[in-house]
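Engineer:
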Amino acid sequence: MKNFQANQEEMPAGLVRRGELVYRCPIAPMSLRAFLAFVVWFVFSAAGVVAAPFSTVVIDAGHGGSDQGGIPQNIMPEKGVALDVAKRVRTYLQDAGLRVVMTRSDDTFIPLSFRVAASNRQSNAIFVSIHFNSATRVGARGVETFYFSQSGARLASYIHRRVAATTDGDNRGIKRARYYVLRNNKKTAALVECGFLTNPQDTALARSAAYRDRLARAIAQGILDYRRQL
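Spelled out as structure tokens, the structure:
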């Protein structure tokens, strides 16, 4: 850096001479501070929420009330099985000593903004949204888990590893998504899709109380796995 400064000559804005070579800067000197500020903002917005120890889990059962969930081709409604799994997750987490907040605990429609607000009000908390999937292609099946922030990716990976082991359906992996409840959440957040209710095999699993309990246990175990590594 010292040699560079010693050989540097004053040039028109955007140009720097070093020895006999002239470099054109991609930005004008006066805008450098703004550019660096943008880089810092971009890095932190991509990183999102920082992972931290937690004692509270916000469980969000997807849909509810007038919002059935899914699409017209659904073999069964999503809202009921999502709530059933969410309640079972609550039980397993409470048994493990964690505090649990439910965004809904009955068949009530809760706007997305209210769900996020309920999460953001909590201290030392993470957020997990529970859904079942749907697709116009009947053959689509399996589980997938979504995140937005980097800390959410870690949470999603722990949950997904456990949930994927509950089914012989496709392991569709973890994916970054801009879902409202993820991108507006100030907490580490993940959203798990527990199978396709437009697929006969996945729907048969979802109809089984025993399988829904396996899903709930897997989600809870994934959350506890994530907590242990913090």
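If you use the working numbering, the sequence shown corresponds to residues 1 to 230, in order. Quick reminder that beta carbons are idealized off the backbone N, C-alpha and C, glycines included. None of these values were measured; they are calculated from a predicted model.
1. Reducing DSSP to helix, strand and coil, say where LEU191 ends up.
2. Would you call the segment 146-165 and the segment 73-91 touching, i.e. three or more CB-CB distances under 8 Å?
3. Could you tell me which uninterrupted beta strand (DSSP E) segments, each at least 3 residues in length, are contained entirely in the segment 154-224, listed from first to last along the chain?
4. How should VAL138 be labelled, buried or exposed, when 16 other C-beta atoms within 10 angstroms of its C-beta is the threshold for buried?
5. Please report the Cβ distance between ASN184 and VAL116, rounded to the nearest whole angstrom; I am assuming they are in contact, meaning their Cβ atoms lie under 8 Å.
6. In the DSSP assignment, find the beta strand (DSSP E) that holds TYR100 and state where it starts and stops.
7. Helix, strand or coil for ASN120, going by three-state DSSP, please let me know.
8. Kindly list the residues whose CB is nearer than 6 Å to the CB of PRO200, restricted to its own chain and excluding five residues on each side of it in sequence; keep chain order.
9. Starting from VAL128, trace the beta strand (DSSP E) both ways and give me its first and last residue.
10. What residues match up with TYR147 in a beta bridge as DSSP calls it?
11. Within a Cβ cutoff of 7 Å, which residues of the same chain sit near GLU10, ignoring the five residues on either side of it in sequence?
12. Please report the residue range of the alpha helix (DSSP H) in which THR91 lies.
13. Which residues bound the beta strand (DSSP E) around THR56?
14. Excluding five sequence neighbours on each side, which residues of the same chain lie with their C-beta closer than 6 Å to the C-beta of TYR211?
15. Considering only the alpha carbon of each residue, which of ALA209, VAL163, GLY169 lies closest to VAL192?
16. Kindly list the residues whose CB is nearer than 7 Å to the CB of ALA216, restricted to its own chain and excluding five residues on each side of it in sequence; keep chain order.
17. So, at 6 Å on beta carbons, what are the nonlocal neighbours of GLN68 in its own chain, with the 5 sequence-adjacent residues on each side left out?
18. Within 10 Å of its beta-carbon, does ALA52 have 16 or more other beta-carbons around it, so buried, or fewer, so exposed?
19. Counting C-beta neighbours from all protein chains within 10 Å, is the total for SER113 16 or more, i.e. buried, or is it exposed?
Structural biologist: This is what the structure holds:
1. Your numbering for residue 191 matches position 191 in the sequence shown. Here LEU191 sits in strand by DSSP.
2. no
3. 171-176, 188-196
4. Residue mapping note: residue 138 aligns to position 138 of the sequence shown, counting from 1. VAL138 comes out exposed.
5. Taking the first residue of the sequence shown as 1, we reach residue 184 at position 184. Taking the first residue of the sequence shown as 1, we reach residue 116 at position 116. That pair is a contact at about 5 Å.
6. Mapped onto the sequence shown, residue 100 falls at position 100. It should be pointed out that residue 100 corresponds to Val in this sequence rather than to Tyr. Unbroken beta strand (DSSP E) run through VAL100: 99-102.
7. To locate residue 120, count along the sequence shown from 1; it is residue 120. Reduced to three states, the DSSP call for ASN120 is helix.
8. By 1-based counting over the sequence shown, the position of residue 200 is 200. No residues qualify anywhere along the chain.
9. The sequence position of residue 128 within the sequence shown is 128, counting from 1. Per DSSP, VAL128 belongs to the beta strand (DSSP E) from 125-133.
10. In the sequence shown, counting from the first residue as 1, residue 147 sits at position 147. Note: TYR147 sits in a beta bridge opposite ARG176, ALA190.
11. In the sequence shown, counting from the first residue as 1, residue 10 sits at position 10. Confidence in GLU10 is poor, its pLDDT being 42 and thus under 50, which makes the residue's placement unreliable; the coordinate value appears in the next sentence. Answer for GLU10: no residue qualifies.
12. Residue 91 sits at position 91 when you count from the first residue of the sequence shown. Residues 78-95.
13. For the purposes of this step, residue 56 is taken as the residue at position 56 of the sequence shown. Taken as a continuous stretch (DSSP letters only), the beta strand (DSSP E) holding THR56 covers 56-61.
14. Locating residue 211 in the sequence shown gives position 211, where the first residue counts as 1. Excluding residues within five positions, the ones whose Cβ falls inside 6 Å are LEU205.
15. Here residue 192 corresponds to residue number 192 of the sequence shown, with the count starting at 1. Comparing Cα-Cα distances from VAL192 to each of ALA209, VAL163, GLY169, the minimum goes to VAL163.
16. Looking up residue 216 in the sequence shown gives position 216. Excluding sequence neighbours, ALA216 sits near VAL85, ARG88, VAL89, TYR92.
17. By 1-based counting over the sequence shown, the position of residue 68 is 68. Closer than 6 Å at the Cβ level, and outside the excluded window around GLN68, lie PRO77, LYS79.
18. Here residue 52 corresponds to residue number 52 of the sequence shown, with the count starting at 1. By the 10 Å Cβ count, ALA52 comes out exposed.
19. Translated into the one-based positions of the sequence shown, residue 113 becomes position 113. Counting Cβ neighbours within 10 Å, SER113 comes out exposed, since fewer than 16 surround it.
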